[in-house]
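In what follows, a single structure is set out as structure tokens and then discussed.
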Amino acid sequence: MADETTPPAPDVQTPDAAAKPAKVPKKEKPPALEDKPFQELISQHFLPGLQQALGKIGIQDVDLKFEQSKLPIRGFEDTPLWQVIGQWQSDRRQFFFIFSKEDIQAPKYFCCSDSSAPPSTLESFMIDERRVTLDLMLLYAIQRLNGQKWLVRN
123 MADETTPPAP DVQTPDAAAK PAKVPKKEKP PALEDKPFQE LISQHFLPGL
173 QQALGKIGIQ DVDLKFEQSK LPIRGFEDTP LWQVIGQWQS DRRQFFFIFS
223 KEDIQAPKYF CCSDSSAPPS TLESFMIDER RVTLDLMLLY AIQRLNGQKW
273 LVRN
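Numbering of the sequence shown is given in this note's numbering, commencing with residue 123 and proceeding in unit increments.
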């Protein structure tokens, strides 16, 4: 039998990296709102968001402010802390969302009063949340105020 030879396979060149389409660089995500400085986040995003959420429920006369001041509760007047203070119904109802540090991830507290009386109880606020976001803070704030039966009646 005669030797049959098979012709060698043609060289198949793999396309090199230059021939591949260049990867499109990913767009950098803008920083999350929660990464903004604390005071900027609260004054420029939380306060307007809370004002808007309360307005949707029908509370238009709420006065919101953000300031560092001493707590309005007897026994806690020594240390000034950052607070979101809300008042409405001619200052008859008032509430305080209190931040223990300049960080929304730090412990937060809530107190309120009705009939122009000073608040008497300081409650922890959002203690079970691992990652606090602006939307979550707004949701919890509205839920907490609704827990007082101030927003909608049962």
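Beta carbons: idealized from backbone N, C-alpha and C, even for Gly.
Sequence-distant partners of glutamine 209 (beyond 5 residues in either direction) whose C-beta falls short of 6 Å from its own C-beta, in its chain, are Asp185, Gln216. Going by DSSP, glycine 269 is part of the alpha helix (DSSP H) stretching over 256-269. Membership of leucine 172 in the alpha helix (DSSP H) is indicated by the continuous run 169-179. Here isoleucine 220 is actually not in contact with glutamate 156; their C-beta atoms are around 18 Å apart, not less than 8 Å. Checking the DSSP bridge columns, you'll see proline 202 partnered with Lys192. Collapsing the DSSP output to three states places isoleucine 249 in coil.
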